[in-house]
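Participant:
In my numbering, the protein residues as written are 2 to 383.
1) Going by DSSP, what residues sit across from residue 198 in a beta bridge?
2) Can you tell me the Cα-Cα spacing of residue 284 and residue 133, whole angstroms?
3) For residue 44 and residue 66, what's the separation of their Cα atoms in angstroms?
4) Is residue 141 helix, strand or coil when you go by DSSP?
5) From residue 131 to residue 125, what does the alpha carbon distance come to, in whole angstroms?
6) With 16 other CB atoms within 10 Å as the buried threshold, where does residue 68 fall?
7) Flag this pair as touching only if the region 198-218 and the region 145-154 have three or more C-beta atom pairs under 8 Å; answer yes or no.
8) Assuming residue 200 and residue 148 form a contact by the criterion Cβ under 8 Å, report the distance between their Cβ atoms to the nearest whole angstrom.
9) Under 8 Å between the Cβ atoms of residue 146 and residue 174?
10) Return the CA-CA distance between residue 309 and residue 289, expressed in angstroms with no decimal places.
11) So, for residue 36: in the same chain, excluding its five sequence neighbours on each side, which residues have a beta-carbon less than 6 Å away from its beta-carbon?
12) For the beta strand (DSSP E) containing residue 84, list its first residue and its last residue.
13) DSSP puts residue 178 in a beta bridge; with which residues?
14) Would you call the region 190-197 and the region 84-101 touching, i.e. three or more CB-CB distances under 8 Å?
15) For residue 178, collect the residues of the same chain with a Cβ closer than 8 Å to its Cβ; drop the 5 residues on either side in sequence, then sort them by chain order.
16) So, at 6 Å on beta carbons, what are the nonlocal neighbours of residue 120 in its own chain, with the 5 sequence-adjacent residues on each side left out?
17) Hey, quick one: how far does the alpha helix (DSSP H) through residue 127 stretch, first residue to last?
18) Is the beta carbon of residue 80 sitting closer than 8 Å to the one on residue 103?
19) Can residue 161 and residue 260 be called in contact, C-beta distance under 8 Å?
20) Is the beta carbon of residue 95 less than 8 Å from the beta carbon of residue 85?
21) Within 10 Å of its beta-carbon, does residue 185 have 16 or more other beta-carbons around it, so buried, or fewer, so exposed?
22) With distance defined between alpha-carbon atoms, name the residue in 225, 137, 379, 97 nearest to residue 270.
23) Tell me residue 235's beta-bridge partners as DSSP assigns them.
24) Give the DSSP-derived three-state secondary structure of residue 345 in the structure shown.
25) If the criterion is Cβ atoms closer than 8 Å, does the pair residue 33 and residue 101 meet it?
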């Protein structure tokens, strides 16, 4: 009988099968320490050690005396050993047991820089929207696209954007919304309101200059990564790449460049659409030509078959007709011969009748003559 297992026995089999060198010896471990444990259990805290460049983490079991020496979110180096434990959720937990604090470094990044990295990672997880694809699809189906442009309270960049258009201006429903671009909350509030108004594209635009610190604030960028609308920027500075530009779906150096983009993508898409239509017409013509060629060829084949059938039927009917004619002629000849024989027989019969009739007439005349003589003799006697 096969061995009967239970869930725990299966987990135990896999737990025993794992055998690594690092589990049986002291290792050196480095990472950013996060004090996530709320309280100690038996003099130990259970915290997390994260890798500085990504979100990979390990659970840490650390004595309280060592933990008290550590500043939260600092990069540290430990001596530790690895242990594992099978849980009842079909998994094996890995735990790093800290034995000694080797070094505690100052963070390479400030809290603001770390927050900025986290915001960028969050945006990457949400994904970047494709503004070119949106515009092209709208052009192909003939729908206008709503573009809301957030600009400074005293700015005149709307004129720059209008002037950048060579074609396609009527395709875009442009609207300009003024706000204080030096106040993060005002920027976020305006953009979020436009997002709720279902604008398909929102562009934060300014005419240039310094004072870009507002666009490097992680709190502002974090509020802008959850939009339904596509977020674009054109903040007028080529040298610095701000955090808001990094989390935007597409960035432009200047408002004029943004206007040029809208105009050029319209021209390119219309040209592509016309070429596509021409190609489509050509393809349809070729398909129709091929289709009709096949139909004509099929009709010709059918006509040829019909012609062959007609000729064969004609020949068969001619043969049959000739047979019938021959039969009729033979029958006519037989009938003619029969009639001729009948006529000849009748003629012979008639001759006999006429001959007999002549004889009878002479006989009667002789009798009459004799009778006349007898009468005359009698008259003479008396």
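Beta carbons: idealized from backbone N, C-alpha and C, even for Gly. Remember, it's a predicted structure, so these values are computed and weren't measured experimentally.
Facilitator: In short:
1) As a first step, residue 198 must be located in the chain shown, where it is residue number 197. Residue 198 is not bridged to any residue.
2) As a working mapping, residue 284 is identified with position 283 in the chain shown. As a working mapping, residue 133 is identified with position 132 in the chain shown. If you take the alpha carbons of residue 284 and residue 133, they lie about 27 Å apart.
3) Indexing the chain shown from 1 puts residue 44 at position 43. Indexing the chain shown from 1 puts residue 66 at position 65. C-alpha separation (whole angstroms): 8 Å.
4) The residue labelled residue 141 in the question sits at position 140 within the chain shown. Residue state, collapsed to three classes: helix.
5) For the purposes of this step, residue 131 is taken as the residue at position 130 of the chain shown. For the purposes of this step, residue 125 is taken as the residue at position 124 of the chain shown. The straight-line gap from Cα to Cα measures roughly 13 Å.
6) Within the chain shown, numbered from 1, the residue matching residue 68 stands at position 67. Buried, because 16 or more other Cβ atoms sit within 10 Å of the Cβ of residue 68.
7) yes
8) Position 199 of the chain shown, counting from 1, holds the residue named residue 200. Position 147 of the chain shown, counting from 1, holds the residue named residue 148. With 8 Å as the limit, residue 200 and residue 148 qualify as a contact, their Cβ atoms being about 7 Å apart.
9) Here the question's residue 146 lines up with position 145 in the chain shown. Here the question's residue 174 lines up with position 173 in the chain shown. Closer than 8 Å, so yes.
10) If you number the chain shown from 1, residue 309 lands on position 308. If you number the chain shown from 1, residue 289 lands on position 288. Between residue 309 and residue 289, the C-alpha separation is close to 29 Å.
11) What you label residue 36 is simply residue 35 of the chain shown in a count that begins at 1. Correct list, in chain order: 48, 73.
12) Start at 1 with the first residue of the chain shown, and residue 84 comes out as number 83. Here the beta strand (DSSP E) through residue 84 covers 76-87.
13) Locating residue 178 in the chain shown gives position 177, where the first residue counts as 1. Answer is 151.
14) no
15) As a position in the chain shown, residue 178 is number 177, starting the count at 1. For residue 178, where only same-chain residues beyond five positions count, the Cβ hits under 8 Å are 149, 150, 151, 152, 191, 195.
16) In the chain shown, counting from the first residue as 1, residue 120 sits at position 119. Counting only Cβ-Cβ distances below 6 Å, and skipping sequence neighbours, we find 219, 222, 223.
17) Numbered from its first residue, the chain shown carries residue 127 at position 126. Here the alpha helix (DSSP H) through residue 127 covers 112-127.
18) The count along the chain shown starts at 1 and reaches residue 80 at position 79. The count along the chain shown starts at 1 and reaches residue 103 at position 102. For residue 80 and residue 103, yes; Cβs fall inside 8 Å.
19) Numbered from its first residue, the chain shown carries residue 161 at position 160. Numbered from its first residue, the chain shown carries residue 260 at position 259. Taking 8 Å as the Cβ cut-off, residue 161 and residue 260 qualify as a contacting pair.
20) Locating residue 95 in the chain shown gives position 94, counting from the first residue. Locating residue 85 in the chain shown gives position 84, counting from the first residue. Contact: yes.
21) Locating residue 185 in the chain shown gives position 184, where the first residue counts as 1. By the 10 Å Cβ count, residue 185 comes out buried.
22) Indexing the chain shown from 1 puts residue 270 at position 269. Nearest C-alpha to residue 270: 137.
23) To locate residue 235, count along the chain shown from 1; it is residue 234. According to DSSP, residue 235 bridges with 206, 253.
24) Reading the chain shown from its first residue, position 344 is the one you call residue 345. Residue 345: helix per DSSP, three-state reduction.
25) For this step, residue 33 is matched to residue 32 along the chain shown. For this step, residue 101 is matched to residue 100 along the chain shown. No.
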